[in-house]
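So the protein sequences, as listed, match chains Z and A.
One point on numbering: in my numbering, the residue at position 52 of the first sequence is 128, and numbering is uninterrupted.
One point on numbering: in my numbering, the residue at position 100 of the second sequence is 132, and numbering is uninterrupted.
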Amino acid sequence: AQTVTQSQPEMSVQEAETVTLSCTYDTSESDYYLFWYKQPPSRQMILVIRQEAYKQQNATENRFSVNFQKAAKSFSLKISDSQLGDAAMYFCAYSGPGANSKLTFGKGITLSVRP
Amino acid sequence: DTGVSQNPRHKITKRGQNVTFRCDPISEHNRLYWYRQTLGQGPEFLTYFQNEAQLEKSRLLSDRFSAERPKGSFSTLEIQRTEQGDSAMYLCASSLSSGGPQETQYFGPGTRLLVL
């Protein structure tokens, strides 16, 4: 079975600084998809960024980028120029290939941003 | 496009009662997922539909749980004889599967259930 591990329960970053959130996963598949979702307090979960395992290039979305290390099964999220609105719970998630589209989530990490 | 909606947003019930939640996906989305999220944990997959067909159910979905998507549009999740352990946030997500690369799931705001 696939597992996703987020070992840091909480992190804090100064506004305008950079922070990296860690995630590791375990799978026997060679083709799969990885996601970072953001869940603000009392608000719905939204997709931050996604990475296809067959792509060697790391995904980037504005201030958000990932460091995807397939051999190490590591998928970290870097947030640059942190903003107060980045404060939220962040979940790393895995999805298998083909029709196996359900998401397996990590426990999440609570990110606080200090003004 | 108003996104995924869920009703009710909050539900308090007594142990042993039945509850039903509704999810309205994004209109053109053919896949609909249900997840459960307990405090301090990530969401856990319960079940999903492609159109009206229920394609997969988690072992978390005991026989007290049933989900339907009768016309391939909205879905309902019913919990019979609720137990205190059912207290959680129930999340619905939808996506458009076109046979290509893995689609993105869009989440609703969730229904928070408290069983007393």
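We put the beta carbon where it would ideally sit given N, CA and C, even for glycine.
Within 8 Å, strictly: CB atoms of residue i and residue j
i: S94 of chain A; j: R101 of chain A; result: no
i: A169 of chain Z; j: Q115 of chain Z; result: no
i: W66 of chain A; j: L128 of chain A; result: no
i: F167 of chain Z; j: G74 of chain A; result: yes
i: A129 of chain Z; j: Y109 of chain Z; result: yes
i: S158 of chain Z; j: A92 of chain Z; result: yes
i: Q69 of chain A; j: T114 of chain A; result: no
i: D118 of chain A; j: L78 of chain A; result: no
i: L148 of chain A; j: R47 of chain A; result: yes
i: Q120 of chain Z; j: F139 of chain A; result: yes
i: V36 of chain A; j: S105 of chain A; result: no
i: I155 of chain Z; j: F144 of chain Z; result: no
i: V124 of chain Z; j: L160 of chain Z; result: no
i: S104 of chain Z; j: Q134 of chain A; result: no
i: F151 of chain Z; j: C99 of chain Z; result: yes
i: K131 of chain Z; j: D102 of chain Z; result: no
Buried versus exposed call for residue i [16 or more other C-beta atoms within 10 Å across all chains shown]
i: S130 of chain A; result: exposed
i: R126 of chain Z; result: buried
i: R63 of chain A; result: buried
i: D162 of chain Z; result: buried
i: T81 of chain Z; result: exposed
i: T34 of chain A; result: exposed
i: S177 of chain Z; result: buried
i: Q133 of chain Z; result: exposed
i: L179 of chain Z; result: buried
i: L71 of chain A; result: exposed
i: A85 of chain A; result: exposed
i: I111 of chain A; result: buried
i: A135 of chain Z; result: buried
i: T79 of chain Z; result: exposed
i: L97 of chain Z; result: buried
i: P85 of chain Z; result: exposed
i: L123 of chain A; result: buried
i: Q137 of chain A; result: buried
Those residues which DSSP pairs with residue i across a bridge
i: K39 of chain A; result: Just to set this straight, residue 39 of chain A is Asn in the shown sequence, not Lys. Partner(s): A:R54.
i: V89 of chain Z; result: Z:V189
i: R68 of chain A; result: A:E76, A:Y122
i: F139 of chain A; result: A:A125
i: V95 of chain Z; result: Z:I155
i: S105 of chain A; result: According to DSSP, S105 of chain A bridges with nothing at all.
i: Q82 of chain A; result: A:R63, A:A85
i: T45 of chain A; result: A:V147
First and last residue of the uninterrupted beta strand (DSSP E) at residue i
i: S169 of chain Z; result: The question names Ser, yet the displayed sequence has Ala at residue 169 of chain Z. From DSSP, the beta strand (DSSP E) with A169 of chain Z extends over 164–171.
i: K154 of chain Z; result: 150–155
i: F144 of chain Z; result: 140–145
i: T79 of chain Z; result: 79–81
i: E60 of chain A; result: Note, E60 of chain A: premise wrong, no beta strand (DSSP E); not H, not E.
i: K89 of chain A; result: 85–89
i: K114 of chain Z; result: 109–115
i: Y130 of chain Z; result: First-last for Y130 of chain Z: undefined, no H or E at that position.
i: R144 of chain A; result: 143–147
i: D102 of chain Z; result: 100–102
i: L160 of chain Z; result: Careful: L160 of chain Z lies outside any beta strand (DSSP E) and carries neither H nor E.
i: L179 of chain Z; result: 179–181
i: E105 of chain Z; result: That residue, E105 of chain Z, is in no beta strand (DSSP E); it is neither H nor E in DSSP.
i: E115 of chain A; result: Looking at the DSSP string, E115 of chain A is not in any beta strand (DSSP E), and its letter there is neither H nor E.
i: S118 of chain Z; result: It is not in any beta strand (DSSP E) - S118 of chain Z carries neither H nor E in the DSSP assignment.
- Are the stretch 171–187 of chain Z and the stretch 42–52 of chain A touching by the rule of at least three beta carbon pairs closer than 8 Å? Using a C-beta cut-off of 8 Å, the stretch 171–187 of chain Z makes no contact with the stretch 42–52 of chain A, since fewer than three inter-stretch Cβ pairs fall below that distance.
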